[in-house]
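Participant: So for the sequence shown, the numbering used here puts the first residue at 929; every next one is plus one.
Every residue, glycine too, gets a C-beta built ideally from N, C-alpha and C.
Quick caveat: nothing in here was measured; it's all calculated off a predicted structure.
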Amino acid sequence: MNEALRCRIALGALAIALLLSAASCRKTPNPEEAHKPLTGKWRLVVKSDCAHWGVDSDTLFLHSDGRMEQHLKLLNGKKYDSAQERWEYLPDHSISLDRRLIVSDPQYAGIPQLEVLIVEFSQPPVILLNPHQNCFYERFSSDQ
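(1) What do you get for L988, buried or exposed, if any count of 16 or more other CB atoms within 10 angstroms of its CB means buried?
(2) I need the boundaries of the alpha helix (DSSP H) containing H892, first residue and last residue.
(3) Tell me the rounded alpha-carbon separation between H1021 and E1048.
(4) If I measure Cβ to Cβ from H999 and keep anything under 6 Å in the same chain, skipping five residues before and after, which residues do I get?
(5) Using a 10 Å radius around the Cβ and a threshold of 16 neighbouring Cβ atoms, would you call F1068 buried or exposed?
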């Protein structure tokens, strides 16, 4: 192979590597940028890691004014409805949910707690309950 061809191949490989690395980088949104994709209705996606929690449905409403509602229904028929709780985005992909009813931890089951969870700004965005489990909240409607 001649020198010019080697140089073109090297430059092409470098360009592809730069494009791929730039595409995989995600800018951490500031609170104002993060507010819009977080505001709306979220449902708990129940997968294998949380099937034993006994959740029929769990819906969060994150209002634009920082209020949070939670509507939880368990398979045993018990319900939990709250309407005046609070939420806040924390820079570096986290969200604070004040007084979310936790059902995943038997020690705190049935007791509303302050919880800080991880946010992934994917399409649709998701709120992870635990990064090592496949249970998460998925936004299914934006706040109108």
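Facilitator: Quick answer:
(1) Here residue 988 refers to the residue found at position 60 of the sequence shown. With 16 or more Cβ atoms within 10 Å of its Cβ, L988 is classed as buried.
(2) A query on residue 892 cannot be resolved here, the shown segment of the chain reaching from 929 to 1072 and no further.
(3) Mapped onto the sequence shown, residue 1021 falls at position 93. Mapped onto the sequence shown, residue 1048 falls at position 120. Each residue's alpha carbon lies about 7 Å from the other.
(4) Here residue 999 is taken as the residue at index 71 of the sequence shown, counted from 1. Excluding sequence neighbours, H999 sits near T987 and D1009.
(5) Taking the first residue of the sequence shown as 1, we reach residue 1068 at position 140. With fewer than 16 Cβ atoms within 10 Å of its Cβ, F1068 is classed as exposed.
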